[in-house]
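This report concerns only the one structure given below.
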Amino acid sequence: MFFPIVWLSVLLIISKSFAREIRLSRATYNEDDEEIQEVAEKAMEQVNDQTRYRNLYKLVRVISAQTQVVAGIKYYLTILAAPTTCRKGAVGMNPMKCTIDSSKPTKQFKIEVWSAPWQNTFKVTLT
């Protein structure tokens, strides 16, 4: 009787440790992955809200991408964005339709995106 209880206890401890490790570890994604591209493009609206530049930035490419399962999915992205000729605050302005201002340098951003679709949550933080 003693051994089954000990084995069950050991298995429970191992499974909890393993589950925690899986939940806390980050997975590296291909920068060209369709999901990563969609998240990066969607994140640009909030990136533009958080920058001080008076014009909108446009996503050029994703440099690196990692994900982590939390209460939702957390994306750790490094992106390259280019300033555009479109001003912030213009009604209905979509940065993807704006022309890149080639006289200005591109900028690299490190961002964290927390997505929990069932809660209608999509939060972007510049790091």
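Heads up: the sequence shown runs through residues -19 to -1, 1 to 108, numbered per mature numbering (1 follows the signal peptide of the UniProt record, and there is no 0).
Ideal placement from N, C-alpha and C gives every residue a C-beta, glycine not left out.
- Annotation for Ala97: Ala52 and Gly53 place their beta carbon closer than 7 Å to its own, counting only its chain and skipping 5 residues before and after.
- Our two residues, Leu40 and Gln100, have alpha carbons roughly 26 Å apart in a direct line.
- Per DSSP, the unbroken alpha helix (DSSP H) holding Ile17 starts and ends at Glu15 to Gln31.
- Here Leu107 is exposed, its C-beta having fewer than 16 other C-beta atoms within 10 Å.
- Non-local beta-carbon contacts of Val43 in its own chain, meaning distances under 7 Å to residues more than five positions away in sequence, involve Glu12, Ile17, Gln18, Ala21, Leu58 and Ile60 in chain order.
- Contact check for Ile81 against Ala63 passes: the beta carbons are separated by less than 7 Å.
- Its Cα nearest to that of Ser83, the residue Thr65 stands out among Thr102, Lys55 and Thr65.
- Secondary structure at Pro98: helix, using DSSP grouped into helix, strand and coil.
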